[in-house]
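Written below as structure tokens is the structure these notes are about.
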Amino acid sequence: MKKLIMAGASLAVIPALLLAGCSQDATSQDQEPKSNEKSELSSDEQAATSPEPTSQPNYQAIEPSEEAGPLESHYTETQLAEMPITEAHGDDTKRSVPLGQTLEKGTEDVTDGPLQKNRIVSYYGHPSSTSMGILGEYSPEELMEKLKEQTKAYSELDPERPAIPAIELIASVAQRTPGDEGHYVHPTSAEDIEKYAELAEENDALLILDVQLGQDSIMNEVKSLEKYLKMPNVHLAIDTEFHVKEGQIPGEDLGHVDGEKVQEAIDYVSNLASENGLPDKVVIVHQFADIIISNKEAIQPTENVEVVLNNDGHGIAALKRSGYHQLVHNQPIQYGGFKVFYQKDEPVMTPEEVLELDPAPAFVNYQ
């Protein structure tokens, strides 16, 4: 469970993160061997030899009602005057892009991915744990009912960008014990992944597989999911805070990743899409403190992958807005994402308040 940390905060004042029940709750399952092979073709050569997409996107946005109107600010003039100040935290209070625009200033999207015309609204967690998110709190059928209801709220507010429901399933769970491979990470069972992949497909939704890393490398964890990432509606998320060094323990020590390592994963997913004729993919990078990701400028979208920097962390709404301003608005990559905690935020921000952020989040996930 995450505590909201202001960007640039000293590690000495960061409270311990909690991963209660991770090792006990996750279901064990033998994993396929993790491949370390790399393509010998350059990016240009791969692009030249890539097949045309043979798989069609099989998601469906939740359409707004006929009564839904164009996106408008719902704040009073006084609130609008005050909110940019709390969000900017001393920086420039002028909007960088018009209300509702999801692309960050100075960026572009050359893909045919889902964020070109839609927003994604996801529910995050693990089915075996109530402490790791909403997935463990409901049956699959109840989960989809609630997810679609939450997704429709965003379609109603911004009908020009109807929202797609998504399940964000933790595919590798960081834990406080070394585990069989000594990486302090436990793989989610193939049975669970396949169950939620089927659930997403049956409901025209997306499945996002989230890796928490532990002491393992990003690429090892991502490659272990290759057969799922080859599915048309399956995408990737990287939980950066749980990537720790040898001698450190996830949940007790704050993790760190190098942006170049994140980019390796993005390029890998991009090549999977182009080489296998898959629809364009989305890669979500979770971050809730500036010190978690170094070399962030190395993280870039590709012709086949849209990239979301998701502002994570729970806490006071004004601080969450400030964190989004610092990590997303001030460090543009392509799209912004924003996490909402039903149980931990003070108060829980409404969809209206989330869409008022600058830029408007293209990805909103609930835990």
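Letter by letter, the sequence shown follows residues 966 to 1332 in my numbering.
Built from N, CA and C at the ideal position, the CB exists for glycine as well.
GLU1110 to ILE1173, Cα distance in whole Å?
The straight-line gap from Cα to Cα measures roughly 18 angstroms.
Pairs of beta-carbons, one from the region 1294–1310 and one from the region 1018–1037, closer than 8 angstroms: are there three or more?
The region 1294–1310 makes no contact with the region 1018–1037; the number of CB pairs closer than 8 angstroms stays below 3.
Nearest-angstrom Cα separation, counted from GLU1052 out to GLU1318
Near 12 angstroms, if we compare the C-alpha coordinates of GLU1052 and GLU1318.
DSSP on PHE1306, reduced to helix/strand/coil?
In the structure shown, the three-state DSSP call for PHE1306 is coil.
The region 1230–1241 touching the region 1162–1169, judged by at least three CB pairs closer than 8 angstroms:
Below 8 angstroms, too few C-beta pairs join the region 1230–1241 and the region 1162–1169 to call them touching: fewer than three.
Should SER1104 go down as buried or exposed, given a rule of 16 or more other Cβ atoms within 10 Å for buried?
Per the 10 Å Cβ criterion, exposed.
Three-state secondary structure assigned by DSSP to PRO1316
PRO1316: helix per DSSP, three-state reduction.
For GLU1102, which residues from the same chain have a beta carbon less than 6 angstroms from its beta carbon, with the 5 sequence-adjacent residues on both sides left out?
Around GLU1102: THR1095.
Residues in its own chain within less than 7 angstroms of GLN1081 by CB, not counting five upstream and five downstream?
Answer for GLN1081: ASP1074, listed in chain order.
For GLN1252, the residue or residues it bridges with in DSSP
Note: GLN1252 sits in a beta bridge opposite ASN1276.
Along the chain, where does the beta strand (DSSP E) that runs through VAL1199 open and close?
In the DSSP assignment, VAL1199 falls within the beta strand (DSSP E) that extends over 1199–1204.
Residue of ILE1132, TYR1149 and ASP1255 minimising C-alpha distance to ASN1168
When only C-alpha atoms are compared, the closest one is ILE1132.
Distance between ALA1118 and LEU1322 (C-alpha atoms, nearest Å)
Whole-angstrom Cα-Cα distance: 16 angstroms.
In terms of residue numbering, what span does the beta strand (DSSP E) encompassing GLU1229 cover?
DSSP places GLU1229 in no beta strand (DSSP E) but in the uninterrupted alpha helix (DSSP H) bounded by 1224–1240.
In chain order, what residues of the same chain have a beta carbon less than 8 angstroms from the beta carbon of GLU1121, not counting five sequence neighbours either side?
Counting only Cβ-Cβ distances below 8 angstroms, and skipping sequence neighbours, we find PRO1029, SER1030 and ALA1033.
Top-ranked residue by Cα proximity to ASN1241, from LYS1195, GLN1021 and ALA1202:
For the options LYS1195, GLN1021 and ALA1202, the alpha carbon positioned closest to that of ASN1241 is the one of LYS1195.
Own chain residues within Cβ distance below 8 angstroms of ALA1012, not counting five before or after:
Note that ALA1012 has pLDDT 42, beneath the 50 cutoff, so the model's placement of it is unreliable and the number below is only indicative. Result list for ALA1012: SER1239 and GLU1268, in chain order.
Roughly how many angstroms lie between the CA atoms of PRO1127 and PHE1328, to the nearest whole one?
Roughly 12 angstroms between the two C-alpha positions.
Test item: CB-CB of ILE1258 and THR1116 under 7 angstroms:
No, the pair does not count as a contact, with Cβ atoms beyond the cut-off.
Exposure label - LYS1070; buried when at least 16 CB within 10 Å:
Under a 10 Å Cβ-count criterion, LYS1070 is classified as exposed, with fewer than 16 other Cβ atoms of the shown protein chains found around its own Cβ.
Compare the Cα-Cα distances from THR1076 to each of ILE1099, LYS1304 and PRO1244 and report the closest residue.
The residue with the shortest Cα to Cα distance from THR1076 is PRO1244.
Are the Cβ atoms of ILE1129 and ASP1175 separated by less than 7 angstroms?
No, the Cβ-Cβ distance between ILE1129 and ASP1175 is not below 7 angstroms.
So, is GLN1180 buried or exposed, given that buried needs 16 or more other C-beta atoms within 10 angstroms?
With at least 16 other beta carbons inside 10 angstroms of its own, GLN1180 counts as buried.
N-terminal and C-terminal residue of the beta strand (DSSP E) that LEU1064 is part of
Taken as a continuous stretch (DSSP letters only), LEU1064 belongs to no beta strand (DSSP E), as it is neither H nor E.
Is it buried or exposed for ASN1260, if we count other Cβ within 10 angstroms and need 16 for buried?
The residue in question, ASN1260, is exposed, as its Cβ has fewer than 16 Cβ neighbours within 10 Å.
Limits of the alpha helix (DSSP H) - the one that LEU1134 falls within:
No alpha helix (DSSP H) contains LEU1134, which is instead part of the beta strand (DSSP E) from 1128–1139.
Helix, strand or coil: which one does DSSP assign to TYR1331?
Three-state result, TYR1331: strand.
Extent of the continuous alpha helix (DSSP H) run through ASP1323:
It is not in any alpha helix (DSSP H) - ASP1323 carries neither H nor E in the DSSP assignment.
What's the C-alpha gap between HIS1290 and SER1093?
Going by the C-alpha atoms only, they are around 34 angstroms apart.
For the beta strand (DSSP E) holding ARG1084, just list the boundary residues, first then last.
Counting along the chain, the unbroken beta strand (DSSP E) around ARG1084 starts and ends at 1084–1090.
Can you give me the C-alpha to C-alpha distance between GLY1224 and TYR1307, rounded to a whole angstrom?
Roughly 30 angstroms separates the two Cα atoms.
Check whether chain C comes within 7 angstroms of ASP1255, counting only Cβ atoms and requiring the distance to be less than that.
Given the protein chain composition of this structure (a single chain), no chain C is represented.
Cβ pair LYS1304, ASN1330 closer than 7 angstroms:
When the beta-carbon positions are compared, LYS1304 and ASN1330 come within less than 7 angstroms of each other.
Kindly indicate which residue of VAL1138, GLY1302, LEU1064 and LEU1100 has the alpha-carbon position closest to the one of SER1154.
When only C-alpha atoms are compared, the closest one is VAL1138.
Taking 7 angstroms as the cut-off, decide whether the C-beta atoms of HIS1200 and LEU1171 are in contact.
In this structure, LEU1171 lies closer than 7 angstroms to HIS1200 by Cβ.
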